[in-house]
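Q: Okay, handing you the structure first.
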Amino acid sequence: MNNSSSPRLSKTTDSQAKSIRPSKILLGIFFIALAIRLWGVTNPLLDFHAWRQTLTATIAYNFYADGMNFFTPSRNMIGSIFHFEFPLFTYLVALLYKIFGFDEILGRLVAIVFSMGSIWFLYLLGKRYFDETSAIVACGIFSVLPFSVYYSRTFMPESAMIFFSISMIYMFARWLDTRKWSHFILASLFSTLAFLIKLPTLYMGAPLLFLAWNKFRGKIFYQPLLYVFVIAILIPPALWYSYIARLQFETYGGSNIWLDMLKDYEVLFTLRYWKLIFWTRLVEKMFAFTVFPFVVLGMRAYTSNKENHVLHVWFFSICLYFVIAAKYNFIHEYYQVPIIPVGCLFAGKFIADFYRKNTSGDGYKSGKLWLVTLMIIFIPIHSIYKLNGRLDYNDTYLKIST
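When you read off a place in the sequence shown, starting at 1, and then add 694, the result is the number in the numbering used here.
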């Protein structure tokens, strides 16, 4: 009797373990992601890209100190020009200042909260387009890649922009599935906020268009709600940036920085640009050397579901943005950060498939298995090394101020 019940008990236990294991792993990833993002969270805003962090922080402080007027963002710079992004991030920080008192750590914490939300929506996208294992691996990679970590704990709106970019794709795809108003509203809201927070994220319109075309094909122009959606997500950014452009023209004259982004194409004709963007920035900084081959191999994986190609459209839309806005992408490394989430999805797909194929039987003896494993182990080691350098800061300004 005991012998016959043992296999049943074993099967039940295995089944229960399989059902709870993914959630436990995901919870562990959230814990690791949070822990590593809290590293250096109390630093003064003097670590890497201090100028951009302090610029953002002054806008939040001026909201807090000067009356919380959402439509008059300002910063403490002589000759400042009006090219302000929609100040959602800075306004949220200012509200927290009102509640808890002024402390710049709150700006970093807001960025971290957005980053944790990004991990959740990345998981949902991974499950939708691949499988749960691929989704978990993608989240694990995203949680430790050095630039994913660093720019999700800086006093900058990048983390919020990435959150809304990922969530807009997921919610729009869900709305196309269900046609529920709740999904439509969330897709519209997340898309609008992504475009408002960072106007260049208009490149995310390409994956949205692909999803709509994949769903409706030739009937795409006969969908009234799609017209409503386009109007809803484009009118607010148009109104905001027209307003800011008018303020700049009235105060200083001339053009604004967003149009300047489309100038100075001569940088495209230099080898230095292509090497910097696609080797130093993408391969080394964004994907920590060893993740990049996984990204490429994941993109080549066969899929019978045509909707999955939205990820390819997303990836190459960002690459095209690197070229269209070449000048500022050349200057600022954080302009390439938006490619990390979709790259992690491809890497997660390849790694999950690879281990499924190579861990059965004598697969563990394979040289390929050990090579891939060593490449994965390298990721957090490289991340800690890079972050240690990024989080170091020069306290000269603090000494001068005292």
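Just so you know, even glycine gets a beta-carbon here, dropped at the ideal spot from N, CA and C.
State the Cα-Cα distance for the pair aspartate 1086 and serine 861, rounded to the nearest angstrom.
A: 32 Å
Q: Would you mind reading off the limits of the alpha helix (DSSP H) that contains isoleucine 860?
A: 852-872
Q: Among residues of its own chain, excluding the 5 on either side of leucine 740, which ones have a beta-carbon nearer than 6 Å to its beta-carbon?
A: Tyr1087
Q: Using DSSP with H/G/I as helix, E/B as strand and the rest coil, what is lysine 1021?
A: helix
Q: Answer yes if the segment 927-944 comes into contact with the segment 881-896, meaning at least three C-beta pairs across the two stretches below 8 Å, and no otherwise.
A: yes
Q: Considering just the uninterrupted stretch of the alpha helix (DSSP H) at aspartate 1047, what are its terminal residues?
A: Run containing aspartate 1047: 1033-1052, per the alpha helix (DSSP H) assignment.
Q: Please go through the same chain and pick out, in chain order, the residues whose beta-carbon is closer than 8 Å to the beta-carbon of phenylalanine 794, but skip the five residues on each side of it.
A: Leu800
Q: Taking 7 Å as the limit between beta carbons, can you name the residues of its chain near phenylalanine 836, skipping five residues before and five after?
A: Ile813, Leu816, Ser842, Ile1034, Pro1035, Cys1038
Q: Would you mind reading off the limits of the alpha helix (DSSP H) that contains lysine 821?
A: 799-823
Q: For asparagine 908, does the three-state DSSP call read helix, strand or coil?
A: helix
Q: With distance defined between alpha-carbon atoms, name the residue in Ile730, Leu720, Val735, Phe780 nearest to serine 936.
A: Phe780
Q: Between the C-alpha atoms of phenylalanine 923 and lysine 1051, what's the straight-line distance to the nearest angstrom?
A: 42 Å
Q: What separation, rounded to the nearest whole angstrom, lies between the Cα atoms of leucine 818 and phenylalanine 986?
A: 22 Å
Q: How long is the line joining the alpha carbons of histidine 1076 and phenylalanine 1010, rounded to whole angstroms?
A: So the two alpha carbons sit approximately 26 Å from each other.
Q: Work out the CA separation of lysine 913 and proline 840 for me, nearest whole Å.
A: 44 Å
Q: Arginine 715 by DSSP, collapsed to three states: which one?
A: helix
Q: Which first and last residues belong to the alpha helix (DSSP H) in which glycine 761 is found?
A: Premise fails: glycine 761 is in no alpha helix (DSSP H) and is neither H nor E.
Q: Count the other C-beta atoms from every protein chain shown that fall within 10 angstroms of the C-beta of arginine 940, then say buried if there are 16 or more, exposed otherwise.
A: exposed
Q: How about the segment 888-903 and the segment 854-872: do they share at least three Cβ pairs that are nearer than 8 Å?
A: With contact defined as three or more Cβ pairs closer than 8 Å, the segment 888-903 and the segment 854-872 are in contact.
Q: Within a Cβ cutoff of 7 Å, which residues of the same chain sit near aspartate 708, ignoring the five residues on either side of it in sequence?
A: With a pLDDT of 41 at aspartate 708, under the threshold of 50, the modelled position of this residue cannot be trusted, and the question is left open.
Q: Under a Cβ-count criterion, where at least 16 other Cβ atoms within 10 Å of its own Cβ denotes burial, should leucine 902 be classed as buried or exposed?
A: buried
Q: Evaluate the contact criterion for the segment 1012-1027 versus the segment 1066-1075: three or more CB pairs, one atom per stretch, below 8 Å.
A: no
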